[in-house]
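Asker: Count the sequence shown with the numbering used here and you get residues 256 to 688, in order.
One structure, as structure tokens, below. Some questions next.
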Amino acid sequence: MNMLEKKIKAADARIAVIGLGYVGLPLAVAFGKAGFHVTGIDVSPKKLKEIRSGKTPVIGVTDQELKDLQKKKRLDVMPEYSALKTADVIIICVPTPLSKSLDPDMSFILAAASAIADHLKKGQLIILESTTYPGTTEEVLQPEFEKKGLVAGRDFLLCFSPERIDPGNKRFELKDIPKIVGGVTAESSRLGVLLYQQIISKVMPVSSPRVAEMAKLLENTFRIVNIGLVNELATVAKDLNIDIWEVIDAASTKPFGFMPFYPGPGIGGHCIGVDPIYLSWKAKFHGRELRFIELARQMNSEMPEFVVRRASEILNDLGLAVKGSKILMLGIAYKKDIEDTRESPAFAVLERLAKQGAEIIYHDPYVLNAQWNGTVKSSSKLNAKTLKSADLVLITTDHTNIPYDIVVQHSKVILDTRNVLKKFSGHKNIVRL
Ligand SMILES: NC(=O)c1ccc[n+]([C@@H]2O[C@H](COP(=O)([O-])OP(=O)(O)OC[C@H]3O[C@@H](n4cnc5c(N)ncnc54)[C@H](O)[C@@H]3O)[C@@H](O)[C@H]2O)c1
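Next up, the structure:
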């Protein structure tokens, strides 16, 4: 594999990225900016059209970056897998959601793997980045790639390297987040590490793909469990008349052995709530039930109901019922500073409130249109008139670019589920979760 090594070092290797979403597109751009030629392959004609016209479909990549790279002919995008034939490196970044029965939906990985197998040639390095259960790379990909006689380690190289990007996070961008690489052979790891070293400051090899796969699931299981814990404590703190946010601030002064997690309306997105289930699913084959994950899921899924109860208590104190009240939801993306609404807990809250007869309007600077109860709604303008017209303002996502001073000034009462109004504490119209 000396040839591939030379090509990687000279930024001469041709890289194909399969799946140009929140993970694949920033990665493709990073390699393009490092001088590599990158071909992005995606099944979504809409996404391909946007990228070709220099309009970024995801946060974390700018329009300018797409335009520059395409102008320099370092990035081209297409729906056909035929580009895999000429690739030296193939990176898989397709979705790994859950099926309706809450099992891993491996269909996207399987489709990508089958396309790669059809075009596989000697000397290629293939890397799976999609989050998945331990064993996927060795038990699913490797046999698929070896079925025509090529052998991993001898004829081609294969690694798993989890993506840890946090879309919208400006403090830790792709290049700053250490990368874990586990190859099916030592040579696979060595070249996988070399590749990522071209764009990422710290790359850590581990002994196998399984370790890398499980490391990613440990990270997200750690998050779901701790969020579940703090959500449970938030509900009990309310009963005890204790401010959970003050408790967390106090506990956070301990310089070791404590890491703050914060309560909220529940978890969303397609990582924290989904990834641990991949681990639970795999554990079941070994007769094991991962109880922490189940409990955390249950706890987190009860939060929207808790928020609705709090909203109803607040309206009740004002002599109002949920039915007929106008509620302005601030932020419906699943987390701050992004436009992604997948599995957003804000929808679980608003659907419950709407079902009880509340009139719901929303404002989200990132989500201009949203659909619930079968109709598409547009984000309302955030101004004094809108704020004053609402019986309750309910903050469900703590976007940083919302003018909270105006919100505090003009709202009758605000339920802040994220403690984003911390600096306004003392204002009588603010109620925390
Ligand atoms: N978004 C995150 O914050 C994040 C962070 C770390 C890891 N991950 C993991 O990375 C993986 C990708 O996530 P994402 O957020 O980028 O998903 P995404 O939905 O934003 O993007 C996936 C892309 O893959 C395309 N695609 C689907 N099937 C394809 C196929 N067979 N061939 C080519 N393209 C195909 C889709 O059209 C889409 O553009 C998932 O496993 C996810 O769990 C996501």
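Using N, Cα and C, we set each Cβ at its ideal position, and we do this for glycine too.
Tell me which same chain residues have a C-beta within less than 8 Å of the C-beta of L357, skipping the five on either side of it?
Answerer: Taking the sequence shown and counting its residues from 1, the one referred to as residue 357 is at position 102. Excluding residues within five positions, the ones whose Cβ falls inside 8 Å are I532.
Asker: Compute the beta-carbon to beta-carbon distance between D671 and I650, rounded to the nearest angstrom, for a pair I have assumed lies under 8 Å.
Answerer: Position 416 of the sequence shown holds residue 671. Position 395 of the sequence shown holds residue 650. Confirmed, about 5 Å.
Asker: With three or more beta-carbon pairs closer than 8 Å as the criterion, would you say the region 346–356 touches the region 425–438?
Answerer: Flag = no, the region 346–356 and the region 425–438 do not touch.
Asker: In whole angstroms, what separates the C-alpha of T548 from that of S535?
Answerer: Residue mapping note: residue 548 aligns to position 293 of the sequence shown, counting from 1. Residue mapping note: residue 535 aligns to position 280 of the sequence shown, counting from 1. The amino acid at residue 548 is misidentified as Thr; the sequence shows Ile. Their backbone Cα atoms lie some 8 Å apart in a straight line.
Asker: Which residue from K304, Q325, A265, K262 puts its Cα closest to that of A283?
Answerer: The residue you call residue 283 lines up with position 28 of the sequence shown. Nearest C-alpha to A283: Q325.
Asker: CB of T351 to nearest heavy atom of ligand 1: below 7 Å?
Answerer: Mapped onto the sequence shown, residue 351 falls at position 96. Under cutoff, so the answer is yes.
Asker: Write down the C-beta distance between T440 and G408 rounded to the nearest angstrom, noting that I regard them as a contact closer than 8 Å.
Answerer: Along the sequence shown, one-based indexing puts residue 440 at 185. Along the sequence shown, one-based indexing puts residue 408 at 153. T440 to G408, Cβ: 3 Å. Contact.
Asker: Where do the ends of the alpha helix (DSSP H) carrying L548 lie?
Answerer: By 1-based counting over the sequence shown, the position of residue 548 is 293. According to the sequence as given, residue 548 is Ile; it is not Leu. It spans 546–556 - the alpha helix (DSSP H) in which I548 sits, taken as one unbroken run.
Asker: Taking C-beta to C-beta, are G378 and L413 nearer than 8 Å?
Answerer: By one-based count along the sequence shown, residue 378 stands at place 123. By one-based count along the sequence shown, residue 413 stands at place 158. Going by C-beta atoms, G378 is not nearer than 8 Å to L413.
Asker: State the CB to CB distance for the pair I270 and V344, rounded to an integer number of angstroms; the pair is presumed to be in contact (CB under 8 Å).
Answerer: The residue you call residue 270 lines up with position 15 of the sequence shown. The residue you call residue 344 lines up with position 89 of the sequence shown. 5 Å between Cβ atoms; contact.
Asker: Quick one: any contact between the region 547–566 and the region 480–491, if contact means 3 or more CB pairs under 8 Å?
Answerer: Contact holds: three or more Cβ-Cβ distances are below 8 Å.
Asker: To the nearest angstrom, how far is it from the Cα of V577 to the Cα of L676?
Answerer: What you label residue 577 is simply residue 322 of the sequence shown in a count that begins at 1. What you label residue 676 is simply residue 421 of the sequence shown in a count that begins at 1. Straight-line Cα distance between these residues: approximately 23 Å.
Asker: Answer yes or no: do I616 and A609 have a C-beta to C-beta separation smaller than 8 Å?
Answerer: Position 361 of the sequence shown holds residue 616. Position 354 of the sequence shown holds residue 609. In this structure, A609 does not lie closer than 8 Å to I616 by Cβ.
Asker: Assign Q325 to one of three DSSP states: helix, strand, or coil.
Answerer: Sequence index remark: in the sequence shown, residue 325 carries index 70 (1-based). Here Q325 sits in helix by DSSP.
Asker: Hey, would you say E598 sits closer than 8 Å to G523, going by beta carbons?
Answerer: Here residue 598 corresponds to residue number 343 of the sequence shown, with the count starting at 1. Here residue 523 corresponds to residue number 268 of the sequence shown, with the count starting at 1. Cβ atoms of E598 and G523: closer than 8 Å.
Asker: Excluding five sequence neighbours on each side, which residues of the same chain lie with their C-beta closer than 8 Å to the C-beta of E606?
Answerer: What you label residue 606 is simply residue 351 of the sequence shown in a count that begins at 1. Only W627, N628 meet the Cβ criterion.
Asker: For the beta strand (DSSP E) that contains Q397, what are its first and last residues?
Answerer: Within the sequence shown, numbered from 1, the residue matching residue 397 stands at position 142. No beta strand (DSSP E) contains Q397, which is instead part of the alpha helix (DSSP H) from 397–401.
Asker: Can you list, in chain order, the residues of its chain with a C-beta nearer than 8 Å to that of C526? Leave out the 5 residues immediately preceding and following it.
Answerer: Here residue 526 refers to the residue found at position 271 of the sequence shown. Correct list, in chain order: T386, N475.
Asker: Would you check if there are 3 or more beta carbon pairs closer than 8 Å linking the region 486–497 to the region 452–468?
Answerer: The region 486–497 vs the region 452–468: no contact.
Asker: Curious, which full-length beta strand (DSSP E) runs of at least 3 residues does the region 588–676 contain?
Answerer: Those beta strand (DSSP E) runs which fall completely within the region 588–676 and span 3+ residues are 614–618, 624–627, 630–633, 647–650, 669–671.
Asker: Under the rule that 16 or more other beta-carbon atoms within 10 Å means buried, what is M361, buried or exposed?
Answerer: What you label residue 361 is simply residue 106 of the sequence shown in a count that begins at 1. When all chains shown are included, M361 counts as buried.
Asker: Determine the closest residue to F602 out of K636, L637, N638, E560, with distance taken between C-alpha atoms.
Answerer: In the sequence shown, the residue the question calls residue 602 occupies position 347. Per the Cα distances, E560.
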